[in-house]
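Novice: Can you read through this structure? Questions will come right after.
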Amino acid sequence: MTFKPKKLPKHLAIIMDGNGRWAKRRGFPRNYGHKVGIFAVERTIEYCLKYGIKYLTLFAFSTENWKRNKEEIDGIFQLIRNYISENRDRFVYDSVKINYIGTLNPFPNDLVSILEDARRKTEKCDKLTITLALNYGGRDEILRAINKIIRDGRKEITSEIFESYLDTKNIPNPDMIVRTSGEYRISNFLLYQMAYSEFYFTKTYWPDFNERAFVKVLKAYQKRDRRYGGTR
Ligand code: FPP
């Protein structure tokens, strides 16, 4: 299927939900759902490269996910660790830039080093920018930005100045936000950035997200009439 380039979202952001339920339905532990979810991450990156999406943001771990049990949290960290270290050279080869938003300090040191190394090695890559939201929450990001602004002693700011303090300062706002698994919530994702985003909700659980599902997102986007508050 061909898409008119101007009608493609430049930036897709995804709330990858439903891993736990996908696993439970099959009688597997929740972490198995996350493990299979990584294959969906791999596939989605391939589709972005294939269809020419320039920015992909993935909600991998929220500021609220610390409420999960330690075994599940450690399992998610291990998956991220393995996935990033095993694919780092492939990212360079495919010109995929790895970026992240959120605060990495509570993560294990070796995981932070793997992420930092991937970010450094891919910083000149420009075909696709993948932003991993890690220990990320929209409210936390906004509060951190405000505190930095106060520390900088600013008395008044513009939206441009405010945006330069956000974790997303180097990436455009998301054109389309996708949430899988049939939940209709935003869950503290990209709160400031989504002001004019389009939304797409699908019942598909994240581990089942495939090319057909991805193309449906692009087709839905092509039908949207974005007016940004104006008229046509
Ligand atoms: C939501 O499903 C999923 C998560 C909280 C974690 C998703 C993380 C990964 C797939 C690893 C990401 C890694 C990289 C490198 C991007 P859920 O557990 O909330 O599912 P449920 O709602 O069915 O319980």
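Reading the sequence shown from the start, the letters are residues 103 to 334 in this note's numbering. Ideal Cβ placement from N, Cα and C applies to all residues, glycine included.
1) Count the other C-beta atoms from every protein chain shown that fall within 10 angstroms of the C-beta of Tyr298, then say buried if there are 16 or more, exposed otherwise.
2) For Glu97, collect the residues of the same chain with a Cβ closer than 8 Å to its Cβ; drop the 5 residues on either side in sequence, then sort them by chain order.
3) Just curious, the beta strand (DSSP E) that Leu160 is in, first and last residue?
4) Hey, out of Lys156, Phe163, Ser215, whose CA is closest to Asp196's CA?
5) What does Asn201 pair with, by DSSP beta-bridge criteria?
6) Helix, strand or coil: how does DSSP classify Met118 here?
7) Verify whether the separation of the beta carbon atoms of Gly122 and Thr282 is less than 8 Å.
8) What are the start and end residues of the beta strand (DSSP E) that includes Phe141?
9) Using the Cα positions of Glu84 and Ile244, report the straight-line distance between them to the nearest angstrom.
10) Candidates Thr304, Pro274, Gly135, Gly332: which alpha carbon is nearest Ala322's?
11) Relative to the ligand FPP, is the shortest distance from any of its heavy atoms to the C-beta of Met278 smaller than 7 Å?
12) So Phe193 is in the beta strand (DSSP E); what residue range does that whole segment cover?
Specialist: Here's the rundown:
1) Under this definition Tyr298 is an exposed residue.
2) In the structure displayed, the chain extends from 103 to 334; residue 97 sits before or after that span and is not available.
3) For Leu160, the uninterrupted beta strand (DSSP E) run begins and ends at 157-164, by DSSP.
4) Comparing Cα positions, the closest option is Lys156.
5) Asn201 is bridged to Thr233.
6) Coil.
7) Cβ distance not < 8 Å, so Gly122 and Thr282 don't count as in contact.
8) Where Phe141 is concerned, there is no enclosing beta strand (DSSP E), although the alpha helix (DSSP H) it sits in stretches over 132-153.
9) There is no way to answer for residue 84, as the model of the chain reaches only from 103 to 334.
10) Selected option, being the one with the closest Cα: Thr304.
11) When distances are taken from the beta-carbon of Met278 to the heavy atoms of the ligand FPP, even the shortest one reaches 7 Å or more.
12) From DSSP, Phe193 is part of no beta strand (DSSP E) but of the alpha helix (DSSP H) over 172-196.
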